[in-house]
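Input: a single structure, listed below in C-alpha cells.
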Amino acid sequence: MKKERILVLGLMALTLTGNFSGRLWAEDAAAGKTAFVDVAKVFDTYQKTKDNDQVLQATGKKKEEERETLVKEIRQMKDELVLLADDAKAKKQEELNNKVRALEEFDRATRQALGEQRNQVLREIFKDIDDTVKRYGERKGLEFVFNERALLYGAPKFDITQDIITELNNDFAARKKQ
Numbered sequence: 007m008k009k010e011r012i013l014v015l016g017l018m019a020l021t022l023t024g025n026f027s028g029r030l031w032a033e034d035a036a037a038g039k040t041a042f043v044d045v046a047k048v049f050d051t052y053q054k055t056k057d058n059d060q061v062l063q064a065t066g067k068k069k070e071e072e073r074e075t076l077v078k079e080i081r082q083m084k085d086e087l088v089l090l091a092d093d094a095k096a097k098k099q100e101e102l103n104n105k106v107r108a109l110e111e112f113d114r115a116t117r118q119a120l121g122e123q124r125n126q127v128l129r130e131i132f133k134d135i136d137d138t139v140k141r142y143g144e145r146k147g148l149e150f151v152f153n154e155r156a157l158l159y160g161a162p163k164f165d166i167t168q169d170i171i172t173e174l175n176n177d178f179a180a181r182k183k184q
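According to our numbering, the stretch in the sequence shown is residues 7 to 184, in order.
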C-alpha cells in the first residue's frame, strides 16, 4: 500500500513537472522567444542559390556540348570503320575503342566535378542560412528557432522565414558588391 502511494505521488509529481515545464515553454512562445523558419523556402529564395544554379547549368551545358563533340567523332569513326578494308579495320577499331573509353572517362569526370561543385555550394548556402538564423535569433532574443518541417503547427506570427530571406539576400548582395 505504501509503495503504491509513493508510486502515485511520483507520477503526480512528474505530471505536474511536465505541465509546469510545458507551461513555461508556452509562456516563452507567447513572449515571442520562439520562432520557426521554412528552410526549404529560404533555400529556394536565396539569391546565392539562384546564381549558383545558373552557374551550374551553364557549366553543365558547356560540358554537354563537349560531350556531343566526342559523340560525333565516335559516330564518324564508326561510319569510317564500315568502309575500310579488313586489314585497316583493326587499327581503326582500336582508335574507336580508345575514343569510347575517353567518352566514358569524360562522363565520369564531369559527373564527379559537377557533383563536388554542387555539394560545395550547398554546404556554403546552408552555412549561410544557419549563420543568418543564429545571428537573427541572437539579435531578436529568441531562445528557439525551429525548422518549419519539424512542426505540426506554428502560428504565422512566429514565422520568421521572410525576415531571414531578406537578411540573407541583403548580406549576399553586400558581399557581392565588394
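Glycine is no exception: its CB is placed at the ideal position from the N, C-alpha and C atoms. Remember, predicted model here, so these are calculated numbers, not experimental data.
Inter-residue Cα distance where the pair is residue i and residue j
i	j	result
K183	K84	52 Å
Y52	L62	16 Å
T75	A180	40 Å
G121	A115	10 Å
E70	T172	35 Å
D113	A119	10 Å
E149	K56	31 Å
R117	K68	13 Å
D93	Q60	50 Å
F42	R145	15 Å
Q99	D50	49 Å
E110	I170	43 Å
R73	E79	10 Å
K54	K163	27 Å
Y142	A161	19 Å
K97	A91	11 Å
R81	L102	9 Å
Per-residue DSSP class, three states only, for residue i
i	result
D134	helix
D165	strand
A119	helix
L102	helix
A91	coil
C-beta contact flag for residue i and residue j at 9 Å
i	j	result
R129	A46	no
F152	T40	yes
D134	L174	yes
D44	D137	no
Q4	T65	Past the edges of the chain, shown from 7 to 184, lies residue 4, and the structure says nothing about it.
N176	I131	no
V193	T167	Here the chain covers residues 7 to 184 and nothing more, so residue 193 does not appear.
Hey, is the region 155–174 in contact with the region 100–111, meaning 3+ C-beta pairs nearer than 8 Å? no
Practice prompt. With a floor of 3 residues, list each beta strand (DSSP E) that falls wholly inside the region 32–67, ordered by position along the chain.
Written response: 40–43
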